[in-house]
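Chains L and D, in that order, give the protein sequences.
The opening residue of the first sequence carries number 787 in this note's numbering; numbering runs sequentially from there.
The opening residue of the second sequence carries number 787 in this note's numbering; numbering runs sequentially from there.
To start, the structure itself, in structure tokens.
Protein chains: 2
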Amino acid sequence: MTLSAAPLRLSTADADFEAQFAARLHWSAEQDDAIEQRVKAILADVRQRGDAAVLEYTARFDGLQADSMAALELSADELKAAFDGLPAEQRDALEQAAARIRRYHVWQKTQGGETATYRDADGTLLGQKVTPLDRVGIYVPGGKAAYPSSLLMNAIPAQVAGVAEIIMVVPTPVRGSVATGGDGGAGAATRGERNELVLAAAHVAGVTRAFTLGGAQAIGALAYGTATVPKVDKITGPGNAYVASAKKHVFGTVGIDMIAGPSEILVLADGSTRPDWVAMDLFSQAEHDELAQSILLCPDAAYIDAVQREIDRLLPGMPRAEIIAKSLNGRGALIHTRSMEEACAISNRIAPEHLEVSSTDPHRWEPLLKHAGAIFLGAYTSEALGDYCAGPNHVLPTSGTARFSGPLSVYDFQKRSSLIEVSQQGAQQLGRIASVLAHGEGLQAHAGAAEMRLVD
Amino acid sequence: MTLSAAPLRLSTADADFEAQFAARLHWSAEQDDAIEQRVKAILADVRQRGDAAVLEYTARFDGLQADSMAALELSADELKAAFDGLPAEQRDALEQAAARIRRYHVWQKTQGGETATYRDADGTLLGQKVTPLDRVGIYVPGGKAAYPSSLLMNAIPAQVAGVAEIIMVVPTPVRGSVATGGDGGAGAATRGERNELVLAAAHVAGVTRAFTLGGAQAIGALAYGTATVPKVDKITGPGNAYVASAKKHVFGTVGIDMIAGPSEILVLADGSTRPDWVAMDLFSQAEHDELAQSILLCPDAAYIDAVQREIDRLLPGMPRAEIIAKSLNGRGALIHTRSMEEACAISNRIAPEHLEVSSTDPHRWEPLLKHAGAIFLGAYTSEALGDYCAGPNHVLPTSGTARFSGPLSVYDFQKRSSLIEVSQQGAQQLGRIASVLAHGEGLQAHAGAAEMRLVD
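Listed below in structure tokens is the structure:
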């Protein structure tokens, strides 16, 4: 059977455009009640029985038998050995990527990530104190979606923020394991499949401790703490449906980053970029998984034809052609717009995770773009560069959540405390305002506290 | 019966301090399964049937009968009339508080709340674009906890961020209504109890539209949109257990701020502040509700005695004495520490919502304080001033969540998009790194997209 990939062709001029567009965009992370119930039970059990429960679930779901939690901890030496064992080219690439990611997040910290105060005219000191979280947990998926780059993107901002302890968990399932509460089951060794690049990345990023745990049980261990796994303040990192459900459940007990949906790219093209580059950029999203979404918006119909031809030409050579084809056929779209302005407006309705502005004049269009996780400007800025090493974070809001949230950042690993110092003089003016409003709300002790500080 | 309030006396020198301390701090927002199931059903119904469902639930829970949603909308004129109808003193206090809150949040926006970019050595442009959310919903509780100050604290940062549409919902239950899905039932009029100060605050803060809706049905209407209530991008503001559960449930479809627990104050006293001031500050937290927590940490036992005497003396004069007594007896604590340093360390373990440093030398202790929603420095800085008008936000993390989160802020109403522009030259170096890592992850289309941009 010959594979073919034909993303849905749409035109904004079509009468049924709105309906077709809505249908193609539709994706819903409906909570699966069965998963939710199982996750709640696992979390409650881990909370109550700690290590014993974690060991049991790890044996059951990941097929990984261990006598004690100590056997599930990866030592710093093991992480270093993984790094040392890589080809020089991979070691260099990891280190260079890490350096660039670090540099960006160090800059990011200067943009509001530091304590600042000012004094009001009446001498009142106001401001915000910015401090790092004490301890965070980073979930790293195992199995088919084990990405060392994701580890760098989670751990480095935490380190730049000044987090003292970074606890990593990564499932290492044994081949053939049930993996219902784990994360894939693509292991290849009886001891549990370890991804050397992931361990090496953990060494490069400088994680504090690492455990070969996954699934809801790992989230529970991090959120509640066990005798062995320290309780963290926040959990970040992507995972399967069990992990996502568990993160949502422990939200409030600890902080979490976001619940990620399928990955997306939107290419906004004026027709000036080589069509094979754009075709490959669409592939680079589609190859993630069948639910990934690749969309091209362009006012030039002939250019869209050219991109389709490049899709046809390049697809057979792709090792992940089958996934790419399923993704493009099922969720992809090539949309002909009346203008670049209209393309920008449609992009804003989608609020894509990744947005390439493939134009000779990207700065003309950028101001029109309101919602996106990351905006890649110009033909040379392929999303792939951003995924690995440009510097900004590749953990981005999906499924339209760029309407209200942004990339994982150094700010996710810090928190602010307001600072307020009112002088005796300042307390006179403020006290009168507070007193009136407190009485209005029926809170007389509030009013009393303000009034007691009045001099007359 | 004479009321008395005797917060638990503890000393860090006691053998059983740790156990008693842990028991007193313990508070758990265990999700109530019955509430959760009811909320899920309400949300699903609102999602499917829109306005019709919202009208039905409003009639059932708030006792408020309306023929159409239009009857549940408050016009700008009604909000203005509420403001105009207030005594001048209250109008002035609202406006002055709003001005101070606005000033602080305008300053806050300069601390990382604006677009910024830089160029790398290889000409790569990196940075973050900061844009406001398009539309937000603000939940304002009705009934016994109707606080106009909360409306200012939610709406003004949204406005400063540049949010175009601020949709407010506030339940106006009719006396004697069931209010299981609503929010209190303390109404006093047949048309539904409206709080004039809240409506006036909405006028001052400049909300765009306002609806007399509450409970899970209001959260559903905002999250999914109905024919009448516009779908928002984020929902902020406190509410009862139904509202909290509903917010948690729609998290991901929209952004939410935080799930608030009972309010808390921790006073760190060196013994130099008038004990009646400290007693009243403890009251000002305790008067919120029985679950509110007021804690004093002090190395001076005689001073703690003096504060207890002031508690005894002042309590009978407080209109909310009964709530204060229940809160202090059930959850309050006066803790004698070995030193101020130890007091700071204990404060960090609590991570209080409000932290008063009631000392002649607050700047000596502030650097030791790692986790708190807001830090009030010096004897004149009563929490009450911060609650109403100092400027910083009074929506703060509770129940120890200050370990990983901070005050509501202008940043909550903005989002960031990464900006990346790689030059042809930059694409050469970055492309090689990306190619190596992409091959290592088995993502050949990612590698291909990077490699195609290589010149040689």
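No residue lacks a Cβ here, since even glycine has one placed at the ideal position from N, Cα and C.
So which residues of chain L does residue 1017 of chain D contact, with C-beta pairs closer than 7 Å? What residue 1017 of chain D touches in chain L: nothing, since even the nearest Cβ is about 10 Å away.
Assigned exposure category for residue 969 of chain L - 16 Cβ within 10 Å defines buried: Confidence at residue 969 of chain L is low in this model, with a pLDDT of 45, below 50, so its placement is unreliable and no value can be given for it.
| For residue 954 of chain D: DSSP bridge partner residues | D:924 and D:996
Does any CB atom of chain D fall closer than 7 Å to the CB of residue 1077 of chain L?
no
- Message: For residue 1034 of chain L, which residues in the same chain have their Cβ closer than 7 Å to its Cβ, ignoring the five residues on either side in sequence?
- Response: 1045
**OP:** Kindly indicate which residue of D:932, D:1152, D:957 and D:1147 has the alpha-carbon position closest to the one of residue 845 of chain D.
**Re:** D:957
- What does DSSP give as the partner residues of residue 918 of chain L in its beta bridges? L:1200
- Query: How would you list, in chain order, the residues of chain L whose beta-carbon sits under 8 Å from the beta-carbon of residue 1067 of chain D?
  - Reply: 1235
Beta-carbon of residue 905 of chain D versus every beta-carbon of chain L: anything under 7 Å? no
- Taking residue 1140 of chain D as the reference, which of D:1146, D:1124 and D:1158 has the closest Cα? D:1158
TODO: Select from L:1002, L:1156 and L:1200 the residue whose C-alpha is nearest the C-alpha of residue 920 of chain D.
DONE: L:1156
Exercise for the section: Give every residue of the same chain whose Cβ lies closer than 8 Å to the Cβ of residue 1206 of chain L, excluding the five residues on either side of it in the sequence, and list them in chain order. Expected result: 910, 911 and 912
Cutting at 7 Å between CB atoms, please list the residues of its own chain near residue 807 of chain L, excluding the five before and the five after it.
796
**Message:** I'd like the span of the alpha helix (DSSP H) that includes residue 852 of chain L, first residue to last.
**Reply:** No alpha helix (DSSP H) contains residue 852 of chain L, which DSSP labels as neither H nor E.
Contact under 7 Å by Cβ, residue 1197 of chain D with residue 899 of chain D
yes
Checklist entry - Apart from the five residues on each side of it in sequence, which residues of its chain come closer than 7 Å, Cβ to Cβ, to residue 1018 of chain D? => result 921, 922, 923, 953, 1008 and 1040
Does any residue of chain L have a CB that is nearer than 7 Å to the CB of residue 1113 of chain D? no
- From residue 1201 of chain D to residue 1188 of chain D, what does the alpha carbon distance come to, in whole angstroms? 21 Å
Taking Cβ-Cβ distances shorter than 7 Å, what residues in chain L pair up with residue 1238 of chain D? 1062, 1063 and 1066
* To do: Would you kindly report the start and end of the unbroken alpha helix (DSSP H) that includes residue 1140 of chain D?
  => Here residue 1140 of chain D belongs to no alpha helix (DSSP H); instead the beta strand (DSSP E) covers 1140-1144.
Problem set entry | Exposed unless 16 or more other CB atoms sit within 10 angstroms - verdict on residue 974 of chain L | Bear in mind that a pLDDT of 33 at residue 974 of chain L, under 50, signals an unreliable position, so the number given afterwards is only what the model happens to contain. Burial call: exposed.
Checklist line | 7 Å CB neighbourhood of residue 1108 of chain D in its chain, flanking five on each side removed | finding: 789
Option in L:1227, L:842 and L:1217 with minimal Cα separation from residue 882 of chain D = L:1217
- Task: Taking residue 950 of chain L and residue 860 of chain L to be in contact with their CB atoms under 8 Å, please state how far apart those CB atoms are, rounded to whole angstroms.
- Result: Contact flag wrong, Cβ pair sits at about 19 Å.
Can you tell me the Cα-Cα spacing of residue 847 of chain L and residue 999 of chain L, whole angstroms? 10 Å
Does residue 1070 of chain D come within less than 7 Å of chain L when only Cβ atoms are used? yes
Notebook entry, point to check: Would a check of beta-carbon distances place residue 925 of chain D closer than 7 Å to chain L?
Noted result: no
Pick from D:1016, D:1209 and D:1167: whose alpha carbon is nearest that of residue 1211 of chain L? D:1167
Straight-line gap, residue 880 of chain L to residue 1223 of chain D (C-alpha atoms, nearest Å):
7 Å
**Request:** Below 7 Å CB to CB, which residues in the same chain sit around residue 1239 of chain L once its five sequence neighbours on both sides are set aside?
**Result:** 1213 and 1217
What residue ranges within the region 1030-1111 of chain L form continuous alpha helix (DSSP H) runs of no fewer than 4 residues, ordered along the chain?
-> 1061-1072 and 1087-1100
DSSP three-state label for residue 871 of chain L, please. coil
Count the C-beta pairs between the region 1099-1113 of chain D and the region 1068-1078 of chain D that are closer than 8 Å, then say yes if the count reaches three, no if not. yes
| Going by C-alpha distance, which of L:994, L:960, L:990 and L:989 is nearest residue 1243 of chain L? | For residue 1243 of chain L there is no data in the structure shown, the boundaries of chain L being 787 and 1242.
Distance CB(residue 825 of chain L)-CB(residue 1010 of chain L) smaller than 7 Å: no
* **residue 1104 of chain D at chain L interface by Cβ criterion, 7 Å** => yes
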